[in-house]
Amino acid sequence: MKYTKTQLQDKRIQFDLTLDAKEWEAEVESAYQKNKAKYAVQGFRKGHTPRKVLEKTYGESIFYDDAVDGCFYRYYFEILSKEKDIEPVAMPEVNVKHVGKDGLELSVIITVKPDVELGDYKGLKIEKEEAKVSDHDVEHELGHMLESRVKYVEVDKEIKNGDTACIDFSGSIDGVKFDGGTATDFDLEIGSHSFIDTFEDQLLGLKKGDKKDVNVTFPSDYHAENLKGKPAVFAVEIKAVKEKQYPKLDDTFASEVSEFNTLDELKEDTKKKILEAKQREINAKQENKLIEKIVDNAKVEIPEVMVHEQIEEYIRDFENRLSYQGLSLDGYLEYAKISLDELKKSRHDDAKKTAKTRLVLEKIIKDENINVTDKDLEEKFNENAKEKKSIEEIKKTLGHEQLNYFENSLLLNKLMEFLKKNNEL
13 MKYTKTQLQD KRIQFDLTLD AKEWEAEVES AYQKNKAKYA VQGFRKGHTP
63 RKVLEKTYGE SIFYDDAVDG CFYRYYFEIL SKEKDIEPVA MPEVNVKHVG
113 KDGLELSVII TVKPDVELGD YKGLKIEKEE AKVSDHDVEH ELGHMLESRV
163 KYVEVDKEIK NGDTACIDFS GSIDGVKFDG GTATDFDLEI GSHSFIDTFE
213 DQLLGLKKGD KKDVNVTFPS DYHAENLKGK PAVFAVEIKA VKEKQYPKLD
263 DTFASEVSEF NTLDELKEDT KKKILEAKQR EINAKQENKL IEKIVDNAKV
313 EIPEVMVHEQ IEEYIRDFEN RLSYQGLSLD GYLEYAKISL DELKKSRHDD
363 AKKTAKTRLV LEKIIKDENI NVTDKDLEEK FNENAKEKKS IEEIKKTLGH
413 EQLNYFENSL LLNKLMEFLK KNNEL
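For the sequence shown, my numbering gives the first residue as 13, with consecutive numbering after it.
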């Protein structure tokens with residue numbers, strides 16, 4: 013394999029690869045051996061058809077695409093191992109210029125990492141923010157604790173906001189019941205706005221045993237197409253009225269929900285934990301402000317291909333998060349009334365900022381010679397481990413992909429420690 017290198021504009025480099033007839037024949041033969049079982053020719057067992065017969069039947073170029081796919085990345089990484097000063101920032105653009113029995117010619121265009129001109133990244137000052145905890149904060153947290161111990165007690169009274177009504181209901185449109193509109197013994201918290209329109213408001217003042225026709229209109233953007241904007245009637249029967257009963261906030265409560273014997277001790281511990289949480293939040297904000305300032309101080313031209321790949325990464329991540337909620341990207345786009353292109357366009361500026369941040373931080377890591385050693389990996393991995401492992405065992409345990417993630421996390425931690433040490437937060 014021979015190649016030539018040409019410097020293009022916009023931080024791009026073109027490599028022209030040439031395989032002579034002998035080299036190309038070896039690649040085609042390799043592709044034939046790997047893929048011959050995919051094809052069938054009458055008179056031959058599948059996987060045992062001679063190459064010449066397959067080429068005569070399906071065309072001389074039958075294995076050309078597989079041969080290119082099979083050898084490209086091998087030659088591509090061979091070139092990169094020789095051209096050590098080249099750092100690609102995106103997948104290469106590949107074009108087949110010529111292919112035939114006499115050989116193969118490819119052009120490969122690589123977008124390389126742009127030059128980063130760092131501004132000030134040491135001696136910066138980020139205004140300090142003091143973490144404070146108010147009595148209201150503590151009361152709010154104690155309220156959550158009370159909420160976790162609340163009891164729903166059936167009472168003989170009229171429904172008011174905050175009560176839970178146990179109801180049977182059956183919905184219909186123009187006298188015809190619809191799917192999903194019927195339920196029995198359904199607990200509905202009044203005032204929660206979990207039901208459409210004024211459904212909950214119309215139950216106020218009713219008591220156990222009361223029946224009422226509740227008139228509502230489905231929203232025009234309701235998820236069920238057959239119900240959008242339609243007026244409906246729900247026949248409702250009140251089976252029970254329940255109200256919340258909270259435990260008394262005293263020493264007994266404190267001993268039941270914590271390791272403390274008194275309410276004062278619980279309050280003090282709650283205040284301490286809130287303060288710690290607020291301080292962590294403030295620290296994270298200050299670190300983000302510092303990085304933003306460092307990135308703003310730097311100058312770098314971001315290749316559009318980097319922005320494009322960052323947007324694609326965002327879309328993949330967003331699609332995965334939607335799937336965890338039982339949703340699809342197409343469903344989200346329909347609900348949000350936007351196209352995929354519009355969603356991608358809305359992420360352009362953020363993607364560009366993310367790409368710049370990555371390049372700037374990588375430049376600082378390189379210039380300051382920040383790295384992760386095997387000792388760092390061992391210490392971090394064994395930090396809370398009962399059985400200590402050697403670096404060899406750690407690498408086997410994590411695998412290549414997990415190990416890279418682990419190393420990158422440690423590298424970013426070391427970078428952040430360096431930045432905090434050299435700046436005032």
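Even for Gly, the Cβ is constructed at its ideal location relative to N, Cα and C.
{"Query": "Ala348 - containing alpha helix (DSSP H), residue span", "Result": "Leu341 to Ala348"}
{"Query": "CA-to-CA distance, Tyr76 to Lys48, given in whole angstroms", "Result": "13 Å"}
{"Query": "Nearest neighbour of Asp67, chosen from Arg57, Val80, Ala52 and Asp81 [CA to CA]", "Result": "It is worth fixing the name first, because residue 67 is Glu in this sequence and not Asp. Ranking the options by Cα distance to Glu67, first place goes to Ala52."}
{"Query": "Contact belief for Val245 with Asp225 at Cβ below 8 Å, rounded distance in angstroms", "Result": "5 Å"}
{"Query": "His235 (DSSP reduced to helix, strand or coil)", "Result": "coil"}
{"Query": "Proximity to Arg370 [Cα-Cα], best of Asp388, Val312 and Phe393", "Result": "Val312"}
{"Query": "Residue of Glu405, Lys17 and Glu331 minimising C-alpha distance to Ile121", "Result": "Lys17"}
{"Query": "Test item: CB-CB of Leu341 and Ile327 under 9 Å", "Result": "yes"}
{"Query": "Beta-carbon proximity list for Pro315, same chain, < 7 Å, skipping 5 on both sides", "Result": "Asp22, Lys23, Val101, Thr123 and Pro126"}
{"Query": "Gln322 in three-state terms, based on DSSP", "Result": "helix"}
{"Query": "Glu142 burial status per 10 Å Cβ neighbour count (16 or more: buried)", "Result": "exposed"}
{"Query": "Secondary structure of Val226, DSSP reduced to three states", "Result": "strand"}
{"Query": "Lys240: CB within 8 Å of a non-hydrogen atom of the ligand PLP", "Result": "For the structure depicted, the ligand PLP is absent and the ligand set is empty, with no information on it obtainable."}
{"Query": "6 Å CB neighbourhood of Leu287 in its chain, flanking five on each side removed", "Result": "Ala143 and Val145"}
{"Query": "Arg292, enclosing beta strand (DSSP E) - first and last residue", "Result": "That residue, Arg292, is in no beta strand (DSSP E); its alpha helix (DSSP H) goes Leu275 to Asn309."}
{"Query": "Other residues of its chain near Ser351: CB distance less than 7 Å, five sequence neighbours each side excluded", "Result": "Leu345"}
{"Query": "Rounded C-alpha distance that separates Tyr87 from Ile403", "Result": "32 Å"}
{"Query": "Which residues DSSP lists as bridging Cys178, in chain order", "Result": "Asp199 and Ala252"}
{"Query": "Cβ separation of Ile138 and Gln298, assumed to be a contact under 8 Å, to the nearest whole Å", "Result": "5 Å"}
{"Query": "N- and C-terminal bounds of the beta strand (DSSP E) containing Gln45", "Result": "Careful: Gln45 lies outside any beta strand (DSSP E), inside the alpha helix (DSSP H) at Ala33 to Asn47."}
{"Query": "According to DSSP, residues forming a beta bridge with Arg24", "Result": "Thr123"}
{"Query": "Distance between Tyr347 and Asp233 (C-alpha atoms, nearest Å)", "Result": "8 Å"}
{"Query": "Local Cβ density within 10 Å of Leu20, reported as buried at 16 or more and exposed below that", "Result": "exposed"}
{"Query": "Bridge-paired residues (DSSP) for Ile185", "Result": "Val188"}
{"Query": "Proximity of Pro231 and Lys240 at Cβ, strictly below 9 Å", "Result": "yes"}
{"Query": "Proximity winner among Ala266, Asp28 and Asn295, relative to Leu158 (alpha-carbon distances)", "Result": "Ala266"}
{"Query": "Buried or exposed (CB count within 10 angstroms, at least 16 for buried), Pro243", "Result": "exposed"}
{"Query": "Per DSSP, cross-strand counterpart(s) of Tyr164", "Result": "Lys256"}
{"Query": "Cα-Cα separation between Pro259 and Leu215, rounded to whole angstroms", "Result": "27 Å"}
{"Query": "Delimiting residues of the alpha helix (DSSP H) encompassing Thr264", "Result": "Asp263 to Val269"}
{"Query": "Rounded straight-line distance, which links the Cα of Leu118 to that of Leu423", "Result": "37 Å"}
{"Query": "Asn227 beta carbon less than 9 Å from that of Gly445", "Result": "Since the first residue of the chain shown is 13 and the last is 437, residue 445 is not available in this structure."}
{"Query": "Short Cβ contact (9 Å threshold) for Phe393 with Ile382", "Result": "no"}
{"Query": "Cβ neighbour criterion (16 or more within 10 Å) applied to Ala38", "Result": "exposed"}
{"Query": "Counterpart residues of Gly5 in DSSP-defined beta bridges", "Result": "In this structure the chain extends from 13 to 437, so residue 5 is not present and cannot be described."}
{"Query": "Span of the alpha helix (DSSP H) around Thr69", "Result": "Arg63 to Tyr70"}
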